[in-house]
Amino acid sequence: MRDVAIIGVGMTKFGELWEQNIRDMFAEAALKAMENANVEKIDALYVGAMSSGLYAFQEHLGSLMADYIGQVGVPAVRIESACSSGGQAVRMGFLDVASGMHDIVLVGGVEKMWDVEDGTFVLATASDQEYEAYNGVTFPGLYAMIARAYMEKYGLTREELAQVPIKNHKHAVNNPNAQYPFEIDLKTVLNSSMVADPLRLMDCSPITDGAACIILCPLDRAKEFTDKYVKIRGVGAASGPIALHDHKDLTRLEAVFLAGQRAYNMAGVTPNDINFVEVHDCFSIAEIVVAEELGFFEYGKGGKAIAEGQGTYGGKIVINPSGGLKAKGHPVGATGVAQIIEAYYQLTNQAGKRQVQNARIGMTQNMGGSGGSCVVHILEGM
Amino acid sequence: MANSQRYTREIPHRYRLEAQKFPSGFVSLPRRLVDPISGKKEFEKIKLAGFGTILTYTIIHVASDHFKFQTPFAVAIIETDEGARLTAMITDTKFEDIKIGAKVELVFRKIMEEGASGIINYGYKAKVIV
Chain W
913 MRDVAIIGVG MTKFGELWEQ NIRDMFAEAA LKAMENANVE KIDALYVGAM
963 SSGLYAFQEH LGSLMADYIG QVGVPAVRIE SACSSGGQAV RMGFLDVASG
1013 MHDIVLVGGV EKMWDVEDGT FVLATASDQE YEAYNGVTFP GLYAMIARAY
1063 MEKYGLTREE LAQVPIKNHK HAVNNPNAQY PFEIDLKTVL NSSMVADPLR
1113 LMDCSPITDG AACIILCPLD RAKEFTDKYV KIRGVGAASG PIALHDHKDL
1163 TRLEAVFLAG QRAYNMAGVT PNDINFVEVH DCFSIAEIVV AEELGFFEYG
1213 KGGKAIAEGQ GTYGGKIVIN PSGGLKAKGH PVGATGVAQI IEAYYQLTNQ
1263 AGKRQVQNAR IGMTQNMGGS GGSCVVHILE GM
Chain H
26 MANSQRYTRE IPHRYRLEAQ KFPSGFVSLP RRLVDPISGK KEFEKIKLAG
76 FGTILTYTII HVASDHFKFQ TPFAVAIIET DEGARLTAMI TDTKFEDIKI
126 GAKVELVFRK IMEEGASGII NYGYKAKVIV
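Here the protein sequences come in this chain order: W and H. Quick note: the first sequence uses the working numbering, first residue 913, plus one each step. Quick note: the second sequence uses the working numbering, first residue 26, plus one each step.
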């Protein structure tokens, strides 16, 4: 396998992008990434999107996006793995370049979520449609059941859980692309409307429009294009049961553990080597469970550790310097790629006020459903 | 929206709790060809007796359009006495009686109506045994 580099990135602002349709958003992000990487022609295109059919009534995104970024003729395909579609698309692009098949590969993610009314239904299609969603459960409901089980088993308090979104909003203040770049306090979280008990609105990542794109090439060619590039040092992916109820331990997301171990092994590093991590905090409880599965905290101790400041600047590891899904926004298919973009900014010292000092190795973790799929990347600054 | 064949093919599991017991002990309510634990393809067909325990639960306040007129409603993950795991709405139970570890009985209920001209969906719900 060849070593693979990320040589350029581009994204839209995340938010309610009323003026842009799905192709406008993708084209904006893709052209920014190509300009950033100083490439005019790509060899292949991967587009991550969870549910463009239900959200934007548009399938066949490979063709559409290749057409609208002026690259008709290249092999172009959409990758879907629910909320981990973006990260999985990055993995496919990595495999494509690493294998020697193609040199310049554009990987993007996109989701247009604000054009439909019943987004709750769309998201629930990532669960077991016939045996979970059929019985009325929503995505917040699934994570609420993880939260309830975790709080009962480990004694995590409602106030401690609230510290996750509070931290992530604090980080987002310094992210110009974030949907909600402002701070919130404990009262805001605890007084926000109940979505699925014990999770309130401020525990839940928002509905977001957005696109994010990166350009990959063989590491030994990166310098031809730019002096700002990072190496993809480890890639790990795993699947888990589709239904939450089939997870043996309801306080765990084992696909995250497996994907993490695979990425650590490939990169030859341990959790102690990671300077920051972008995790999939679709709900506050998810950040805690994921941080434990990735080995940053012991099982049952992640919630209290984050509440004590161990997940922010000056703590054990900076978790979600971008603001995470909660505050940066969560355009489902774009999220996994946007996490990689944050890591790229951090590792090329372009993260501005949210820069993690001396960041050399960063990790991203993107997951689908209630842990049904997960992909982890370990990136290294050059 | 389900058409009638999509609905009908799940009836054995939803109405009659027909399940499969695999050699590893894993019990699946939806039909499967392979044991997800052992990879073995042999299984015994069983019928769940309809009793179990709540492993975790939530009260849903924001639901998809199909369920929005039923909010707030409780949903739980239940392990039946045979070891099958399933997700079900809680019915005929006060919210304060829903607890992790509470015993439940599965009962046959209407789940929801798919609009004015759609199918009326039926299936199992769980009732806490006080």
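The beta-carbon is built from N, C-alpha and C at its ideal position, and this holds for glycine as well.
Practice task
Would you be able to state if there are at least three C-beta pairs under 8 Å between the stretch 45 to 52 of chain H and the stretch 61 to 73 of chain H?
Solution key: yes
Problem - Proximal residues to glutamate 104 of chain H (C-beta, below 7 Å), its chain only, five neighbours per side dropped - result: Gly77, Thr78, Leu80 and Arg110
Exercise for the section: Pair every Cβ in the stretch 1022 to 1041 of chain W with every Cβ in the stretch 1253 to 1260 of chain W, then say whether three or more of these pairs are closer than 8 Å. Expected result: no
Exercise for the section: Using only alpha-carbon positions, find the residue among W/Met1004, W/Arg1164 and W/Lys1240 that is nearest to isoleucine 1144 of chain W. Expected result: W/Met1004
Problem - Cβ shell of glutamate 870 of chain W (< 6 Å), same chain only, five flanking positions each side left out - result: Here chain W has residues from 913 to 1294 only, and residue 870 of chain W is not among them.
Problem - Same chain only: Cβ atoms within 8 Å of histidine 1159 of chain W, ignoring 5 sequence neighbours per side - result: Gly1152, Pro1153, Leu1165, Glu1166, Ser1282 and Gly1283
Exercise for the section: Can you have a look at leucine 1098 of chain W and say buried or exposed, based on whether 16 or more other CB atoms are within 10 angstroms of its CB? Expected result: exposed
Practice task
Take the Cβ of aspartate 90 of chain H as the centre, count every other Cβ of all protein chains shown within 10 Å, and call the residue buried at 16 or more, exposed below.
Solution key: exposed
Exercise for the section: Specify whether the stretch 1261 to 1278 of chain W and the stretch 1166 to 1185 of chain W touch according to this definition: at least 3 beta carbon pairs, one from each stretch, less than 8 Å apart. Expected result: yes
Practice task
Just confirm the distance between the C-beta atoms of serine 1244 of chain W and methionine 962 of chain W, as a whole number of angstroms; I'd bet it's less than 8 Å.
Solution key: Before going on, a small fix: residue 1244 of chain W reads as valine here, not serine. Right, the Cβ-Cβ distance comes to about 4 Å (below 8 Å), so this counts as a contact.
Handout entry: Rounded straight-line distance, which links the Cα of leucine 1291 of chain W to that of glutamine 932 of chain W
Key = 31 Å
Practice task
List the residues that DSSP assigns as beta-bridge partners of glutamate 1190 of chain W.
Solution key: W/Thr1276
Problem - Coil, strand or helix - arginine 990 of chain W by DSSP - result: strand
Exercise for the section: In angstroms with no decimal places, state the Cα-to-Cα distance between methionine 1013 of chain W and methionine 1114 of chain W. Expected result: 44 Å
Exercise for the section: Leaving aside the five residues before and after threonine 1069 of chain W along the sequence, list all residues of the same chain whose C-beta is less than 8 Å from its C-beta, in chain order. Expected result: Met1063
Problem - Under 7 Å by beta carbon: chain W residues contacting serine 89 of chain H - result: Asp1030, Thr1032, Phe1033, Ala1036 and Thr1050
Handout entry: Supposed contact pair alanine 1001 of chain W and valine 1019 of chain W - C-beta distance, whole angstroms, cut 8 Å
Key = 5 Å
Handout entry: Where tyrosine 82 of chain H meets chain W, residues with beta-carbon distance less than 8 Å
Key = Met1057 and Arg1060
Exercise for the section: Verify whether the separation of the beta carbon atoms of valine 1101 of chain W and proline 1052 of chain W is less than 7 Å. Expected result: no
Problem - Minimum C-alpha distance to phenylalanine 1188 of chain W - residue among W/Cys1125, W/Ile954, W/Ser1105 and W/Arg1266 - result: W/Arg1266
Exercise for the section: For lysine 1140 of chain W, collect the residues of the same chain with a Cβ closer than 6 Å to its Cβ; drop the 5 residues on either side in sequence, then sort them by chain order. Expected result: Thr1260
Problem - Cβ-Cβ separation, glutamate 1190 of chain W to glutamate 1095 of chain W (assumed contact under 8 Å), whole Å - result: Between glutamate 1190 of chain W and glutamate 1095 of chain W the Cβ distance is about 20 Å, and since that is not below 8 Å, they are no contact.
Exercise for the section: Classify lysine 1240 of chain W as buried or exposed, calling it buried when 16 or more other Cβ atoms lie within 10 Å of its own Cβ. Expected result: buried
Practice task
Give a yes or no on whether the minimum CB-CB distance between phenylalanine 68 of chain H and chain W is below 7 Å.
Solution key: no
Exercise for the section: Taking a Cβ distance cut-off of 9 Å, strictly less, list which residues of the stretch 136 to 150 of chain H are near chain A, in chain order. Expected result: In the structure shown, chain A cannot be found, because the protein chains are W and H.
Exercise for the section: Kindly say whether glutamate 43 of chain H, judged by its beta-carbon, lies nearer than 7 Å to any beta-carbon of chain W. Expected result: no
Problem - Boundaries (first-last residue) of the beta strand (DSSP E) holding valine 1288 of chain W - result: 1285 to 1293
Handout entry: Alpha-carbon to alpha-carbon, glycine 1021 of chain W and glycine 960 of chain W
Key = 4 Å
Practice task
For the stretch 1167 to 1177 of chain W and the stretch 937 to 944 of chain W, state whether three or more C-beta atom pairs, one from each stretch, are separated by less than 8 Å.
Solution key: no
Exercise for the section: Quick one: measure Cβ to Cβ for glutamate 138 of chain H and glutamate 1042 of chain W, integer angstroms, because I've assumed they're closer than 8 Å. Expected result: Between glutamate 1042 of chain W and glutamate 138 of chain H the Cβ distance is about 17 Å, and since that is not below 8 Å, they are no contact.
Handout entry: Closest Cα partner of lysine 150 of chain H within the set H/Gly143, H/Lys128 and H/Met114
Key = H/Met114
Practice task
May I ask you to report which of helix, strand or coil DSSP gives isoleucine 71 of chain H?
Solution key: strand
Exercise for the section: Look up serine 53 of chain H in the DSSP assignment and give the residues it is bridged to. Expected result: H/Gln45
Practice task
Entirely within the stretch 1089 to 1122 of chain W and at least 3 residues each: give me those beta strand (DSSP E) ranges in chain order.
Solution key: 1106 to 1109
Handout entry: Enclosing beta strand (DSSP E) for serine 1151 of chain W [first to last residue]
Key = 1142 to 1151
Practice task
Quick one: grab the DSSP three-state call for glycine 1212 of chain W.
Solution key: coil
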